[in-house]
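Take a look at the structure below.
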C-alpha cells in the first residue's frame, strides 16, 4: 500500500512540475514601459529587447501571449518571467 501511495504522489509531483514549466497563454495586457537599465517591460514581465525596440513604442498597449522563465542572471531578480510572444492589444469600446 505504501508503494502505491508513493507512486501516486510521485505522479502528481511530476505532473505539477511539468505544468509549471509549460508556457502560460493569454497572460497579461498592459502598457510597454522602459526601466533605468533600458529593459522593456509590461507589468511584472520582461519583454524581449529586440522585438520591443524594433516593433513597439513606449506606451503601446500589448497583450502578452505566453511567458517563460527569464534566462538572464542580470535581470532575473527584477523580472523572473520574460516574453517574446506579445502583440498590440485589441482595445474595443464597450
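Residue numbers (this note's numbering): 11 to 104. All residues carry an ideal CB built from backbone N, CA and C; glycine is no exception.
Take residue 63, set aside five residues on each side of it, and the residues of its chain with a beta-carbon closer than 8 Å to its own are 50, in chain order.
Residue pairing from DSSP places residue 39 in a beta bridge opposite 73. Judged by their CB atoms, residue 44 and residue 68 are nearer to each other than the 8 Å cut-off.
Bridge partners of residue 95 according to DSSP: 76. Per DSSP, reduced to three states, the secondary structure at residue 60 is helical. In the DSSP assignment, residue 44 forms a beta bridge with 50. Residue 84 places its beta carbon 8 Å or farther from that of residue 38.
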